[in-house]
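In this note's numbering, the protein residues as written are 520 to 772.
Spelled out as structure tokens, the structure:
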């Protein structure tokens, strides 16, 4: 027996259609109490984009062009577009509903990529470029904080000893002194901070001046400057000692 079609499937499309394609899928999912992935799946399977586009085309084809009434003088004195090569800019910023122009791209992903990849691509297409940039800033900053916990050096006596190789003759250890570990950490952090700084600069250029996320960026910038200053101080000491390797014979402590 065939599985009955969920009534929420049609409700989801009606909500999206009534919004002119503007309503986010996560908002539709929240209103209907359904997962985001299910809404995305219905959208792609039922071809919502194509349905809206075809309805717009049909509506236009049914309109009878009557022209202006006889004697209409609205055009008197209107010399037309004096710079036709630049085109009509009255429609700038008033394009079709958000997402409509992505129909062909969605079809491309559906045709050539696995379903999970196509679903992910469809979700990404709905994201604002500024939001995507902010997410990358958050991910990068999170990685930096996590690295600080993983690579924490307690004090100058904080030494690490790892087994490098074991043979019949004995065991070879790789020793990292506190200085080595701290230098490695700061160099890695310096590269990560450089990437974060670049992302922050891009966000500053593109985001609105009143974007509340700018306040959070200020704290990030302070940390970037702090680490950069610490790396410069470290580089000035000129201590680039190598990692020490110790070989001990079996039976030795």
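Glycine included, every Cβ here is placed at the ideal spot set by N, Cα and C. If you're wondering where the values come from, they're calculated on a predicted model, not measured in any experiment.
Check the Cα spacing between residue 671 and each of 633, 541 and 705: the tightest is with 705.
In the three-state scheme derived from DSSP, where H, G and I count as helix and E and B as strand, residue 553 is classed as coil. Under a 10 Å Cβ-count criterion, residue 562 is classified as buried, with 16 or more other Cβ atoms of the shown protein chains found around its own Cβ.
In the DSSP annotation of this structure, the continuous segment of the alpha helix (DSSP H) that includes residue 667 starts and ends at 648-669. Per DSSP, residue 694 lies in no alpha helix (DSSP H) segment; the continuous beta strand (DSSP E) that holds it begins and ends at 689-695.
Under the 10 Å beta carbon count, residue 743 is surrounded by 16 or more other beta carbons and is classified as buried.
Using a C-beta cut-off of 8 Å, the region 689-700 makes no contact with the region 711-726, since fewer than three inter-stretch Cβ pairs fall below that distance. Taking the Cβ atoms as the reference, residue 551 lies roughly 6 Å from residue 530, within the contact range of under 8 Å. Shown here, residue 681 sits in a strand according to DSSP, grouped into three states.
In this structure, residue 718 places its C-beta atom within 8 Å of the C-beta atom of residue 652.
Taken atom to atom, the span from the alpha-carbon of residue 685 to that of residue 694 is near 15 Å. Residue 524 carries a coil assignment under DSSP once its states are collapsed to helix, strand and coil. When the beta-carbon positions are compared, residue 548 and residue 555 come within less than 8 Å of each other.
With 16 or more other Cβ atoms from the protein chains shown falling within 10 Å of its own Cβ, residue 699 counts as buried. When the alpha-carbon of residue 725 is set against those of 648, 740 and 631, the nearest one is in 648. By the CB criterion at 8 Å, residue 675 and residue 697 fall inside the cutoff.
Note on geometry: alpha-carbon atoms of residue 571 and residue 523 lie some 25 Å from one another. Taking a 10 Å sphere around the C-beta of residue 664, we find fewer than 16 other C-beta atoms and assign the residue as exposed.
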